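Numbering (the working numbering), first residue to last: -11 to 92.
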């Protein structure tokens, strides 16, 4: 069974993530059940983690911050994000997506 932490809706990438705030570094860890585990340095206080996620993902996917949207989970660790027309996939994510994609 393949991982289901991402899907494409047209040109938009939908990511199902599990975030760990207050980490030492910002990093994509890997699959966490049917979600992608990501560590972020920001604390989960006053929306700082969400702001940090949007800013960091904007750099990772080389797309404006306005193209990153939290669809679900604004107040929790499990979030669903939409990245509109990402210009690139981060190496870590590209590797994970290729590993989980079915051959064909």
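Cβ coordinates follow ideal geometry from the N, Cα and C atoms, glycine included.
Model, not experiment: these values are computed from the prediction.
Taking residue 63 as reference, the option from 9, 71, 83 and -2 with the minimal CA-CA separation is 9.
Between residue 51 and residue 74 a beta carbon distance of about 5 Å is seen, short of the 8 Å cut, so the two are scored as contacting. Residue 11 is positioned such that its CB atom lies no closer than 8 Å to that of residue 23. DSSP places residue 16 within a strand segment (E or B) once states are collapsed to three. Here residue 69 is bridged, per DSSP, to 3 and 58. By the Cβ-count criterion, residue 38 is buried, with 16 or more other Cβ atoms from all chains shown falling within 10 Å of its own Cβ. With 16 or more other Cβ atoms from the protein chains shown falling within 10 Å of its own Cβ, residue 67 counts as buried.
For residue 25, the beta-bridge partners assigned by DSSP are 6 and 18.
Residue -2 has its alpha-carbon roughly 23 Å from the corresponding atom of residue 41. Rounded to the nearest angstrom, the Cβ distance from residue 16 to residue 81 is 6 Å, consistent with a contact under 8 Å.
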